Amino acid sequence: MNRASVERLPEHLGLVEWFRPGERDRVERVLADLEKLGVKRLRTGISWADWYTSEGKSWYEWLIPRLSGVVELLPCVLYTPPSIGIEAKTSSPPRRARDYADFIDLFITSFGEHFEYVELWNEPNNLSEWDWTLDPHWSGFGEMIGAAAYWAKKRGKKTVLGGMSPIDGHWLCRMFDLGVMDYIDVVGIHGFPDIFDYTWKGWARNIAMVREILDERGAACEIWVTEAGFSTWQHDEFKQAGVFLELLGAPAQRIYWYGADDLDPALAAVDRFHLDEREYFFGYKKADGTPKLLYRLLEKGSITALKRIDQAARTCAPAGPEKAILVTGGAGFIGTNLVHRLTQDGHRVIVYDNLSREGVEENLLWLTENCGDRLEVQIADTRNHLALQDAIARSSHVYHFAAQVAVTTSVDNPAADFAVNGQGTFALLEAIRNAKEPPSLLFTSTNKVYGGIEGCCIRKSGSRYEPIDPALRERGFGEGTPLDFLSPYGCSKGCADQYVLDYARSFGIHAAVFRMSCIYGPHQYGTEDQGWVAHFAIRTLKGEPITLYGDGCQVRDLLFVEDLVEAMCRAREEMPRLTGQAFNIGGGPERTISLLELLELLRGLHGRLPQVSFDAWRTGDQRYYVSDIGKFNGACGWTPRHSVEEGVERLYRWLCASMRLEPEGASDKAGRKRYPASGVEAI
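Per the UniProt record's numbering, the sequence shown starts with residue 1, numbered consecutively.
Okay, structure coming up:
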């Protein structure tokens with residue numbers, strides 16, 4: 001993206017984030033994020049209750065100067081110490097209303113140099129923040145906030161009335177009647193469209209309503225959105241990005257977005273432990289630090305990237321008599337290549353993708369620019385069952401690619417891996433089974449369902465492993481190879497693999513499975529965990545170190561993505577005949593390579609390699625796996641066309657173009673000699 005064309009985040013935008021005592025590392029991570037995004041304002045909670053704990057005072061003595069040294073700080077002071085409440089809880093009114101004013105006075109004395117505005121309470125019309133059943137006419141709240149606002153003004157500070165949630169004109173009028181507004185500079189409002197605000201009217205109408213009351217009362221208060229956000233508890237990261245875009249258009253002097261991180265699932269939200277799951281998923285990052293779509297787009301291209309994806313999501317092919325072909329994970333590497341082919345062949349296609357994988361947003365933009373009016377985009381998660389059912393009802397065939405694709409990620413978080421690969425596929429099968437006109441299905445499984453293939457006797461031959469059995473060297477592993485689900489990824493994909501085959505047998509849906517080896521080609525943004533051919537090429541182009549896990553002699557058969565797409569198109573055409581069958585799909589014995597040999601192939605293309613190091617073997621890594629592709633060849637007459645040398649060179653040159661780099665290696669074909677002599681020594 002041209003950085004000169006990037007639309008930056010507005011100056012009046014801030015972030016909302018709450019920090020518990022002791023979370024110093026998280027504070028530093030959030031501040032680093034704000035610097036990356038160019039956000040210079042932060043609203044954070046100051047717990048009156050925590051101040052009087054053993055670590056509270058020292059925590060704020062560190063936190064407030066640390067924050068104010070980097071961002072403009074808006075402290076929001078709330079939470080009654082339970083020992084002085086009418087009831088022993090933080091949402092209780094204090095028995096003596098003026099105790100809050102005394103604390104505000106103390107707080108300004110201690111930290112007043114670090115802020116200009118102070119926010120007095122948070123969501124006072126929300127029971128979890130202020131138990132108004134103990135103060136039904138708001139008289140206690142009015143006395144408490146009025147006194148605190150008076151003293152804050154006396155001390156030279158500007159005051160923000162704690163943000164209403166929901167926005168309530170009658171409540172605001174009550175604050176005027178109680179005299180609170182005489183000492184208020186800013187009225188705060190909150191908004192959580194389609195999460196807590198079920199009848200959301202939009203920022204313009206809500207702010208206009210508040211402004212009308214202020215004008216009627218002759219108040220010159222500013223209106224700030226002190227908190228707005230969207231929970232991704234139903235896996236709708238795209239909707240979160242859309243709500244953020246809407247907030248940017250709010251006619252308010254300041255706007256604050258909530259928040260940085262999802263809540264730690266081991267902790268309670270306010271005083272409630274998982275009573276409301278929505279409260280745990282408001283971050284632009286997950287609790288483990290994984291960026292969501294909103295953060296990735298903002299980090300990559302600020303508002304410009306958000307708007308481009310928002311526009312792409314509005315792509316919709318004109319309705320026609322024929323049903324579409326649905327491609328889940330359609331903005332991924334394989335999906336992009338298949339979708340382009342299908343639209344070129346005249347088919348209507350629905351791309352169904354949650355854009356959770358790095359780089360797929362670029363693929364989506366490319367598709368919208370190159371697929372004409374045959375493309376419909378639906379940004380959604382397969383775990384969103386209603387959205388999935390709707391897409392399936394409008395489809396004649398489904399290619400199911402949506403998945404968690406990395407063994408390492410599955411080891412780190414097996415529950416999330418199974419939720420996507422196992423439960424997501426099961427939900428799709430149920431939607432197909434219950435559809436009025438069930439579409440046919442091709443599911444992409446993996447060679448990992450065969451496990452480590454421990455019974456295969458292998459030997460090392462130069463820079464590669466090979467089977468001792470000559471028949472296995474000649475043909476590769478067939479579909480009769482015993483299943484052995486190794487690693488959480490192997491288990492989740494294997495589970496889905498078997499469910500697809502059983503639904504074909506038990507319920508008569510037309511479905512087949514491709515157990516795929518290593519696929520590579522254009523539109524692949526490979527990582528160390530998945531897509532290793534592209535990963536090695538990208539690291540080579542960038543001059544960044546490459547780590548080989550194991551000795552580098554492990555062998556795979558490679559299949560260029562255009563050859564895979566051809567196989568997938570034939571499978572769809574032959575589906576009734578292929579129903580209930582699994583097929584091993586890869587380059588076969590004629591298109592094999594070891595990791596070390598791939599590095600030398602890249603050296604021949606690029607002229608040099610970056611630093612290469614070795615590390616321990618990874619769970620589930622097969623030393624030798626080559627697909628026997630004879631079964632699918634016999635069924636459909638399909639044979640790969642591209643050699644490894646041709647395919648890797650095409651990937652290399654595509655990556656050069658996408659990264660705006662000039663190829664630096666020899667101009668002649670890399671495949672003059674099958675592989676240059678290995679300059680990377682095996683271990």
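Where a beta carbon is used, it is the ideal one built from N, C-alpha and C, also for glycine. On a predicted model such as this, the values are computed, not experimentally measured, just so you know.
Each of THR444, ALA616, PHE507 was checked against the Cα of ALA567, and the nearest Cα belongs to THR444. DSSP, read as helix, strand or coil, puts LYS300 in helix. Using a 10 angstroms sphere on the CB of ASP25, the tally of other CB atoms stays under 16, which defines it as exposed.
Out of GLU369, ARG98, LEU472, GLU299, the CA that lies nearest to the CA of MET144 is found in ARG98.
Within the same chain, GLY146, ALA149, TYR150, ALA152, LYS153, THR159 come within 8 Å of TYR183 by CB-CB distance, once the 5 residues on both sides are set aside.
If you check the CB distance, ARG341 and VAL70 do not come in under 9 Å. Going by DSSP, LEU120 is part of the beta strand (DSSP E) stretching over 117-120. Between TYR489 and LYS448, the C-beta spacing is below 9 Å. Residue environment analysis places GLN311 among the exposed positions, since fewer than 16 neighbouring C-beta atoms fall within 10 angstroms of its C-beta. The continuous alpha helix (DSSP H) containing ASN633 extends over residues 630-636.
Each of LEU364, LEU558, LEU599 was checked against the Cα of GLY607, and the nearest Cα belongs to LEU599. Approximately 7 Å separates the beta-carbon atoms of PHE401 and VAL327; this is inside 8 Å, confirming the contact.
When only Cα atoms are considered, GLY508 and THR579 end up about 9 Å apart.
Under the rule that a run must span 4 or more residues, the alpha helix (DSSP H) segments found entirely inside the region 391-474 read 407-412, 414-418, 424-434. DSSP places GLU544 in the coil class of the three-state scheme, outside both helix and strand.
DSSP, reduced to helix, strand and coil, places THR579 outside both helices and strands of the structure shown, so it counts as coil.
With three or more CB-CB distances shorter than 8 Å, the region 537-557 counts as touching the region 612-623.
Cβ-Cβ separation between THR44 and PRO81: approximately 19 Å, too far for a contact (criterion under 8 Å). A Cβ-Cβ separation of about 5 Å places LEU78 in contact with TRP121 under the 8 Å criterion. A straight-line Cα-Cα distance of about 5 Å links ASP262 and ALA287. Taken atom to atom, the span from the alpha-carbon of VAL243 to that of ILE309 is near 13 Å.
Judged by DSSP secondary structure, MET175 falls within the alpha helix (DSSP H) whose first and last residues are 169-177. With a 10 Å radius around the Cβ and a threshold of 16 neighbouring Cβ atoms, MET164 comes out buried. Closest in C-alpha terms to ARG357, from the list GLY634, LEU294, VAL533, comes LEU294.
According to the DSSP assignment, VAL612 belongs to the beta strand (DSSP E) that extends over 612-615.
Taking a contact as a CB-CB distance under 8 Å, the pair ASP373 and ALA317 counts as one, their CB atoms being some 6 Å apart. The beta carbon of ASP497 sits closer than 6 Å to the beta carbons of SER445, VAL449, VAL513 from its chain, once the five residues preceding and following it are set aside; these are given in chain order.
Distances from the alpha-carbon of SER594 to those of GLN622, GLN581, ARG570 put GLN622 closest. Around LYS157, the same chain offers ILE108, GLY112, PHE115, GLU116, TYR117, VAL118 as residues with beta carbons nearer than 8 Å, after the five sequence neighbours per side are excluded. Each residue's CA atom was taken as its position, placing LEU106 and LYS292 some 39 Å apart. Following the DSSP letters along the chain, one finds HIS235 in no beta strand (DSSP E), marked with neither H nor E. 9 Å or more divides the Cβ of THR336 from the Cβ of ARG464. Taking C-beta atoms as the reference points, ALA260 and TYR280 fail to come closer than 9 Å.
Of the candidates ILE46, CYS656, GLY452, SER643, the residue whose Cα lies closest to the Cα of THR90 is ILE46. When the beta-carbon positions are compared, ALA204 and ALA250 come within less than 9 Å of each other.
DSSP links ARG505 through a beta bridge to no other residue.
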